[in-house]
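As numbered in the working numbering, residues 9 to 311 make up the sequence shown, in order.
Where is the CB? At the ideal position from N, CA and C, for every residue including glycine.
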Amino acid sequence: MTFRRAILCSRNRHKARELEELLPGWEIEPLDRDDYPPETGATYYENARIKADFGRRSAPGEWVLAEDSGIEVAALGGRPGLHSARYAPEGAPAIAKLLGELKGVEDRRARYVSELVALSPDGEELRGTGVLEGRIAREPRGSGGFGYDPVFVPDGEELRVAELGDDWKNRNSHRARSAKALLAALAGALLLAGCGARHASGQRQLSAFFAGTKLGRTWADRFPHKPGSKPCTAYDDVAKRQVPATCSTDVALQQQGRVLATFSVSWNHGNRVHAWFVFLHRDGTVQSVTREGEVQPAATTTS
Ligand code: IMP
């Protein structure tokens, strides 16, 4: 099911395909233009925002996605980093140049970084960051992926990304991680929109989120689609059985950029109350916290 179409401000079809896999329910169309502004930002985020602003001007009224990524090599002081795409023509020439610079160098540590920016049709910005740590191999191998993938060996793996294949990449890459962070930020923003405070279409967007993403589908039946509570069941690991519980959705923007949404499950076992919270932060990180405490009369909402 497609619930959002987004314009990806990049000519890189590999990235569009990867992001379509990573953002379920989104149809992603690369913006194939040859007049992109120069990437003059001092950070990946600034470069992604430059591309996103260009996309916004080219496609008003659309969701716009932009990504900036690069590879940072420890022994080169973090180069090529922001300049990865311009280091040398992509593929064999860039790899040959990198291996040449690392000739005889023992420290092979490197990391891929991905910064994703999404602009909603009304201009709200959402961000997600992802990092994949690894090392540079001494010779290229494999045919999957693109760019430096034939020489990049992720931490905990023996094979290069180009050998590990697209499924591995879709689960673990820096872009997979930034997309996951963006989804979490999006979930938070849509929940906030679901309060009805800021966008008339908020409730519709929120329902679309619950229906259209993996995260949303998991939570769709369990949690209310707007702030509130409803009966559900939970596994009580003290009682070792399913028990009646209350599933609640709450939105609390306590400080700018802090917690956006809380999903909690609470139930009563004996004289204790157990609650599970998922915090969706504005920076895209997700935190899950379990709390146990004494029963507070107002908090024991088992049905
Ligand atoms: P961008 O299009 O300005 O973000 O440039 C990103 C550059 O970083 C690419 O041209 C590649 O050289 C490198 N890069 C980013 N992500 C990957 C990846 O997943 N595999 C291999 N190289 C990558």
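>> To test your reading of the DSSP string, which unbroken alpha helix (DSSP H) runs of 4 or more residues are found completely within the segment 58–144?
In response: Annotation note: the segment 58–144 contains the following uninterrupted alpha helix (DSSP H) runs of length 4 or greater, listed N- to C-terminal: 92–95 and 100–109.
> How far does the beta strand (DSSP E) with K248 in it reach, from first residue to last?
Replying inline: Taking the first residue of the sequence shown as position 1, residue 248 is located at position 240. Premise fails: K248 is in no beta strand (DSSP E) and is neither H nor E.
> In the DSSP assignment, what residue or residues form a beta bridge with L16?
Replying inline: If you number the sequence shown from 1, residue 16 lands on position 8. Among the bridge pairs identified by DSSP, L16 is matched with P38 and L73.
>> Would D76 and Y44 be called neighbours here (beta carbons separated by less than 8 Å)?
In response: As a first step, residue 76 is located in the sequence shown; it is residue number 68 there, counting from the start. As a first step, residue 44 is located in the sequence shown; it is residue number 36 there, counting from the start. Note that the C-beta distance between D76 and Y44 is not below 8 Å.
> Secondary structure at R266, three-state DSSP: helix, strand or coil?
Replying inline: In the sequence shown, the residue the question calls residue 266 occupies position 258. Its pLDDT being 40, under 50, R266 is placed unreliably by the model, and nothing is read from it.
> Of the residues T254, P88, F62 and L140, which one's Cα is nearest the Cα of P232?
Replying inline: For the purposes of this step, residue 232 is taken as the residue at position 224 of the sequence shown. If you compare the alpha carbons of T254, P88, F62 and L140 with that of P232, the shortest gap goes to T254.
>> Measuring straight from C-alpha to C-alpha, what distance separates G236 and T257?
In response: Numbered from 1 along the sequence shown, position 228 holds the residue referred to as residue 236. Numbered from 1 along the sequence shown, position 249 holds the residue referred to as residue 257. In a straight line, the C-alpha of G236 is about 5 Å away from that of T257.
>> Is it buried or exposed, Q213, if we count other Cβ atoms within 10 angstroms and call 16 or more buried?
In response: What you label residue 213 is simply residue 205 of the sequence shown in a count that begins at 1. Since pLDDT at Q213 reaches only 47, below the 50 mark, its modelled position is unreliable, and no value is offered.
> Could you give the distance in angstroms between the alpha-carbon of G152 and the alpha-carbon of F160?
Replying inline: Sequence index remark: in the sequence shown, residue 152 carries index 144 (1-based). Sequence index remark: in the sequence shown, residue 160 carries index 152 (1-based). Those two C-alpha atoms are separated by around 12 Å.
> Taking the Cβ atom as the reference point for each residue, do G138 and A184 lie within a distance shorter than 8 Å?
Replying inline: Against the sequence shown, residue 138 aligns to sequence position 130. Against the sequence shown, residue 184 aligns to sequence position 176. Cβ atoms of G138 and A184: closer than 8 Å.
> Are S181 and L140 close, meaning C-beta to C-beta below 8 Å?
Replying inline: Numbered from its first residue, the sequence shown carries residue 181 at position 173. Numbered from its first residue, the sequence shown carries residue 140 at position 132. Their beta carbons are under 8 Å apart, which means S181 touches L140 by this criterion.
> What span of residues does the beta strand (DSSP E) with V161 cover, start to end?
Replying inline: Along the sequence shown, read from residue 1 onward, the residue named residue 161 stands at position 153. Per DSSP, V161 belongs to the beta strand (DSSP E) from F160 to P162.
>> Would the segment 82–95 count as touching the segment 115–132 if we require 3 or more Cβ pairs under 8 Å?
In response: Output reads yes: the segment 115–132 touches the segment 82–95.
> Expressed to the nearest angstrom, what Euclidean distance is found between the alpha-carbon atoms of G99 and T48?
Replying inline: Here residue 99 is taken as the residue at index 91 of the sequence shown, counted from 1. Here residue 48 is taken as the residue at index 40 of the sequence shown, counted from 1. The alpha-carbon atoms of G99 and T48 are separated by roughly 23 Å.
> Quick one: is the Cβ of N180 within less than 7 Å of any heavy atom of the ligand IMP?
Replying inline: One-based indexing of the sequence shown puts residue 180 at position 172. False, no ligand heavy atom lies under 7 Å from that Cβ.
>> As a quick exercise: from A126, L30, I103 and E114, pick the residue whose alpha carbon is nearest that of G69.
In response: On the sequence shown, residue 69 is found 61 positions in, with the first residue counted as 1. For G69, the closest of A126, L30, I103 and E114 by C-alpha to C-alpha distance is A126.
> Helix, strand or coil: how does DSSP classify D244 here?
Replying inline: Position 236 of the sequence shown, counted from the start, is the residue given in the question as residue 244. Looking at D244 - three-state DSSP - the assignment turns out to be strand.
> Count the other CB atoms within 10 Å of the CB of G112; is the residue buried (16 or more) or exposed (fewer)?
Replying inline: Taking the sequence shown and counting its residues from 1, one reaches residue 112 at position 104. In the assembly as shown, G112 is an exposed residue. Its beta-carbon has fewer than 16 other beta-carbons within 10 Å.
>> Short of 6 Å in beta carbon distance, which residues of its chain neighbour D157, apart from the five on each side in sequence? Order them along the chain.
In response: In the sequence shown, the residue the question calls residue 157 occupies position 149. Correct list, in chain order: V169 and A170.
>> Once DSSP output is grouped into helix, strand and coil, what is the label at T254?
In response: Counting from 1 along the sequence shown, the entry for residue 254 is found at position 246. The three-state secondary structure of T254, taken from DSSP, is strand.
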